[in-house]
Amino acid sequence: MLHLVKLAVGITSLEDLAHRQRTMAEGAGDGLDGTQPSGHPWLRTRMFPRRAPEILDRGSLYRVINGLILCRQRVVEIRPDTREDGVACALVVLAPEIIPVAPRPMRPFQGWRYLSPADAPPDLSVGGGDGGTLPESLRRDLAGLCLI
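Reminder that position 10 of the sequence shown reads as 10 in UniProt numbering, one-by-one numbering, no gaps.
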């Protein structure tokens, strides 16, 4: 198993990510042309992951929002695609559930990176004493102080 990590450019919070993905899955806006999977959030990335079979073996996409890895979504499918301008790319289809993870700082980078399971932040459980029920802004502050 292997994961991907990618910046969520323009996303300000988990709530913002969830809203945009709901809109995308419903087909409102975002330039859907009928080739994208309906009912699932997705993203396009320029480079096709060479290790796609490892990612599809229970791997997730971890999202960096405002300098912190904050959540993950299981990767359902990775397939070749073409952008609106005709350039080849990869279409990454995600499970709809956004799973909050223990916030972890990460510097900006371009594209995506592989993330080994050993290096992936743990999921936040609801009511598990790990901050899973705290508001996102408080979780960010506590993570910045290395308290969670």
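Backbone N, C-alpha and C fix where the C-beta goes; we use that ideal spot for every residue, glycine too.
Could you please give the first and the last residue of the uninterrupted alpha helix (DSSP H) stretch that includes E77? Boundaries for E77: no alpha helix (DSSP H) harbours it, while the beta strand (DSSP E) harbouring it runs 68 to 82, taken from the DSSP string.
Take D141 as the anchor and find which of P117, D119, W42, P105 has the nearest alpha-carbon. Closest in C-alpha terms to D141, from the list P117, D119, W42, P105, comes P105.
Distance check for R72 and D16, CA to CA, integer angstroms please. So the alpha carbons of these two residues sit roughly 14 Å apart.
Under 8 Å by Cβ, that's how I've got V5 and I69 pegged, so tell me the actual separation to the nearest angstrom. The C-beta distance from V5 to I69 rounds to 6 Å, short enough to meet the 8 Å contact threshold.
Euclidean distance between Cα positions of L7 and G111: Their Cα atoms are separated by approximately 8 Å.
Helix or strand or just coil, what does DSSP make of R51? Taken through DSSP and simplified to helix, strand or coil, R51 comes out as coil.
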